[in-house]
Structures are given as C-alpha cells and as structure tokens.
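Anchor point for the sequence shown: position 526 equals 559 in my numbering, and the numbering is continuous, going up by one each time.
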Amino acid sequence: MVEQERGPQSFVEFIGMIIKAYISGIPSVIKGMIVSVIVSAVMSNAIHFYLIGWVNDGWNDGGNPWLDPMLFLTSQPNSPKVMLAYFMITYLFWWVIGMFRSKGIGETIKMIATSPIWIIKSLTSIGFAVLPMLMGGLAVSFVLGLTVLTKVTSITMFLMMLTVLISQEESLIIMGLQLGFKDVSGLVNRNQQPQIPSAHIPSAAITGACIGFGYMAFFNTNPMVIGGIALLSIAGLVYMFMQSRKGPQTAVICTLIVVISAVAIMAPVAFADDGGIPENGGWGSLASNPWLINQLISKGYPASIAASLAAAIISGMFSPPVLSKIKPLGDGYVQKDWKSWTKDGKVDIDTRFKEDPQGQWETPDGKKWSPESQEGVGLTKTIIDAEDSKLLGDKVRIFTQEPPKDQKLITDITDGIKDLGRDNVDNLHPDNWKNLTPDEKGKVMEKISDVLKDKLGLDYKLDLYSNEQKPGLGGSWSRGTKGDPNDPNVLKINTSGNAFKDPREAIRTLIHETRHGYQEKVQDPNGTDYEQMCEYNDTNYVRSGSDYVRYNEQYVERDSRNFGHNTTNQLIGELNKMWSGE
C-alpha cells in the first residue's frame, strides 16, 4: 500500500505531534532522563548554595543586579523569576549536550559556523516582511523585559534565541512559529488557502528578539528607555499593517523612521560588573555550622525543582526515540511504514520530499520529478489488496496479493542478532553508530550478514562499497550462477548511502536485500502459494527504469519491504529494552 504522510499542518497539530512523540518516546529513555534530572537538581542546589552562602554571604539583599536575581533571598524566597533563571540556564546546558549527542560535535560546530549566513539570508530573502518581523521580535522581548525578566534571565533568553537560530530550520520554535503564522493568515484571509511560510520569516522575528534580549542584558535597562523602544516597535507594526495596501514606498519610509529612532535610543552606556556585595552580619565559617548548611540547602530547593523540570524536558526531547517522531514542516513522507521513493535504485529509508510551487517533488538526493508520473506510467498511487486476487490472474496478483508476514523467521533473525554479543549490539545504538569508522560499521554489518545467511539459508558475497554520487542507492542483490564459485550471489551495500548513516536503516536495507535472495531460493512453480508468486514475479519482474510505480508495488518488492520493516522494528524494540535495562 502506498500512503503519503506530511508533517503537521497547523499549530495544534504541531503541539499534538510534540506531545505524542514525547509520551511515546520517553519510556525507552527514562533511565537517562532520571540521571539528567538528578544531576541537574544536585548541581543547581550546589551552585545556589555557593552563591548565597559564600558570594552573597547571607540571605539578605545585596543590591547586585547580577547576583540577586540568582538567589532565593528573604525578600524573594520562592521567586518565579529566580526559578526561571535556573530553568533557562539548565535548558541551555542540556541543549548543548543534546546537540552534541544528536548531531555530533562536528555537525554542531558546522551549524554554529553557518548560522550567521542563515540569519543574513533570512533578513535579506523575505523583502519588506523583514521589518515588521524584526520589530515584532523587539516588541516581545521588551514587553517580557519590563514584566518578567531580570538581567540574568535576559542574558539567558538572549542565549536561548541564539540556540534557536543555530538550529535553523530544525528548531521546534521556528516550526511552531511557521504554523502559528499560517493559522493567523487563515483567520485573516478566509478567502485564500493559507500556506506554511518560509522558515526565514520566523527567523527574522527571532533575530529581533535576540537583539532585544541582548540589549537588555548588556546595555541600558532603564524602564523608560525600554518602554519607549517597545512603544516605537509596536507603533511601527501597527502602522505597517494599516499601510500595507497603500504601496511599499509608505511602508519603507515608516519602518526606516522606526529603525532610526530605535537605534538612536539604544545608544549603549558603560556597564561594569563588580562581583558580589557582602551582606552585613554574614557568616564566614559554614563548614562548622550544620544548621546553616541545612538552611542554605533548603533555600535552594526551588532552584533544584526548576532545573529538574528543564532537564526532563530538554533531555527527553533530544533523545533518539523522540526526535525520530518529529516530522519537519513542508516535507512529504511517502509510504506509511517503509519508504522507498527514490529515483535511482532501491532504498528502505524514510525518504522525504519537498514540493515546489509547480508541484514538483525534490528528494534528498537532489532529484526533481513529477508525483503524478512517478517516473512511470499506469497505476494510481494507491494499490488495493484484493481479497479475490487469485481469480484475477497472476498478472493482477503481482500487484494486489498481500505477502505473508513470516513471523517465525523474523523472530529467529532477531534472536540471532541479539546473540552477537553486547559489544556488537551496543554499536547499533545511533549514538554509538555515528562515532564508528566506515570499516567498523562494515564489520558490524558482516556479523549481521552472517546471521542472515544462517537463518535464511543463503550463500552470497557481501560487497560493501562506496558510491557518493548516488546517496539514494542503499543496496542491491545480484544473482550468481548456482554451483559456480566464480560467479556467486552478491549483496552490495552502499556505505556512502543515506541508509548507512542510521544503523536502523542500514539493518533494514541489509534484510530487505537478503529477502530478495530468499525469494530466489524458494521460488517453485509447483510449490506453496508464496513460492509460486516468487517464481512468477521473478519471471515477470518490472524494472524501476521502465515503470517506477509497478516496480515499487510488485509482489517481491512489497514482500522485501514488509519483511525488512517488520524484522528491523522487532529487533529495535528488543534492543531498546536491552539498553533501557528492562
């Protein structure tokens, strides 16, 4: 069956996707989350203990604009603003750890290095829309600065906005804003079908907020000054909206006035941080005073609570089981369970596509093609499994009959791979796989291949090769001459392919191709229904180049996808239990 999925199309769907991904993914990473929560709770309490007991020398106000917002003092024993500071600092810490774990250090550094280019592109590619977006971001940051934020939380918000910009199109906040803008557009323009805007539009708003938070953290924070800038920003937004239908000239003049006024008011003043100010009557020998130590620890409990909440959220969101369920906006997903809509070759990966205004699809390998023709002719996108397919003839059965699940064979293969030893099994975890060299990955694949040879009763040569020009090509099965050692069956796996980057997809590809070998082994015109179908489809095999739809939907291809998908899913489920200690 061919189905098409898309990412969320509204803000409500987006929030639902996040919640669903979090709830369904957390059980497999609960141990790691508990560790991060405990570490965050202890460290935040220790930091608060040090700051209030030694730097501030007590729990009275010190008057320091940087230190006081970090302490639960007598005047603010359970202050939400102070809790917010610990929440955001912990969030930033685990964001960095999460990026390193999910992307790798090299990829994270690359994203940081390319962020200025992406920001500049965002500010220059959306035309006049950049001005109201910048002003909107500034307005939001100043409103928060006047009502909620302190100097400490202003700088953490500044850093958080930077993390959003560094994440670029992959940022959940950027995605949420895109859908929010789309929903608002649908409410305002009811006669037009709203479209998801470019990620550059919310990026411009985030850039404006980043500038605003940075200004409040490092420059003049006089409420009158901030209020004046916020008022100018809001006035500029209102004026831009009111004049949107009177031509660009008026809009340009208006927004230039707003920008010039804001820059004039934002002239920086000297700022100096002179450290903590000791309180009168402070204590200098904490180690000899258990009562005081207990008091200081208990005063840090709110910091521990805030930090624990941040750790639970961000460490969970960066876990592979949760990230794997987040679908980027504007991407299409073809086939619900197994995806193989690449133009060249067969590959069992979650193949995404982006649709341009002309309706053309572009896959990750850079190929563009028409979704209607699908590089072939004839069949519709949806193939229905007919219950009476036998009465319709073998030619129809190729495209309608559902292959068997073969559960016993799936379980045998799963058990065989689990028994390879903990070192080999642990290498299949995505966090470990990305750190392996190509040779090390190849050795793991060879061991899995040996299991498949044994369980499927196959004899073939595993050829691990590299073809960087065709990243969409995952693997292939080539039949040899039976009984001729000089012409063996060959299973080829492209180590430069997209499928080889993820251990789950590498396994799925390997199993998919060996299933083709199994089909050749058992085919028999006088055998079981499955054996007869394998023989008939092999004789009447449809090549991808002649008709991609029929190629994709013929019996042996659906059977291989089914088998590869079901076996890999069962294996990953068992490995997740092993890794989580169940």
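No residue lacks a Cβ here, since even glycine has one placed at the ideal position from N, Cα and C. Here the structure is a predicted model, which is why all the values come from computation and not from measurement.
The C-beta distance from Gly65 to Gly169 rounds to 38 Å, too long to meet the 8 Å contact threshold.
Checking the DSSP bridge columns, you'll see Tyr584 has no partner listed.
In the structure shown, the three-state DSSP call for Trp92 is coil. For the pair Glu46 and Ile207, the Cα-to-Cα distance works out to about 15 Å. Spanning the alpha carbons of Gln556 and Cys567 requires a straight line of approximately 5 Å. Looking at the DSSP output, Lys494 bridges to Val523.
Residue environment: Gln201 is assigned as buried (16 or more neighbouring CB atoms within 10 Å of its CB, all protein chains considered). Less than 8 Å divides the Cβ of Pro536 from the Cβ of Leu461. Thr147 has its alpha-carbon roughly 18 Å from the corresponding atom of Leu205. With 16 or more neighbouring CB atoms inside 10 Å of its own CB, Tyr248 falls in the buried class.
When DSSP states are grouped into helix, strand and coil, Val181 belongs to the coil group.
Here Ile67 is exposed: its Cβ has fewer than 16 other Cβ atoms, across all protein chains shown, within 10 Å. In this structure, Ile330 and Asn78 form a Cβ contact; the two beta carbons are roughly 6 Å apart against a cut-off of 8 Å.
With the rule of 3 Cβ pairs closer than 8 Å, the region 521-534 does not count as touching the region 439-454.
In terms of Cβ geometry, Ala343 and Ala74 do not form a close pair [threshold 8 Å]. Out of Ser69, Arg548, Gln434, the CA that lies nearest to the CA of Ser482 is found in Arg548. Take the alpha-carbon of Pro102 and the one of Ser112: they are about 9 Å apart.
The DSSP-derived three-state label of Leu461 is coil.
Taking every protein chain shown into account, the CB of Thr123 has 16 or more other CB atoms within 10 angstroms, so this residue is buried. Residues Thr186 of the same chain have their beta carbon placed closer than 6 Å to that of Leu117, with the five preceding and five following residues left out of the count. Using a Cβ-Cβ distance cut-off of 8 Å, the region 191-201 and the region 146-160 are in contact, since at least three pairs of beta carbons, one from each stretch, lie closer than that value. With a cutoff of 8 Å on beta-carbon distance, Val115 and Leu125 are scored as not near each other.
Every alpha helix (DSSP H) of 4 residues or more that sits fully in the region 540-579 is shown, in chain order, as 562-572. Counting only runs that start and end inside the region 201-239, the alpha helix (DSSP H) elements of at least 4 residues fall at 205-221. When Val582, Lys451, Ile540 are compared, the shortest CA-CA separation from Lys474 is found for Ile540. Looking at Asn500, Lys554, Asn559, Ile544, the one whose alpha-carbon comes closest to that of Gly530 is Asn500. If you check the CB distance, Val575 and Gln587 come in under 8 Å. Gln440: member of the alpha helix (DSSP H) spanning 440-451, first to last residue. About 14 Å separates the CB atoms of Ser218 and Ile159; that is not less than 8 Å, and the two are not in contact. The closest CA to that of Ser69, considering only Pro436, Cys243, Leu497, Ile346, is found on Ile346. Taking C-beta atoms under 8 Å as the contact rule, Leu212 and Ser43 qualify, at a distance of about 6 Å. Counting only residues of its own chain and dropping the five nearest sequence neighbours on each side, Phe120 has a CB closer than 8 Å to the CB of Ala339, Ala340, Leu342, Ala343. Look at Glu479 here: in three-state DSSP terms it is helix.
About 21 Å separates the CB atoms of Tyr551 and Leu506; that is not less than 8 Å, and the two are not in contact.
Gly597 sits away from Ile526, with the two beta carbons spaced by 8 Å or more. Around the C-beta of Tyr581, 16 or more other C-beta atoms lie within 10 Å, and the residue is accordingly described as buried.
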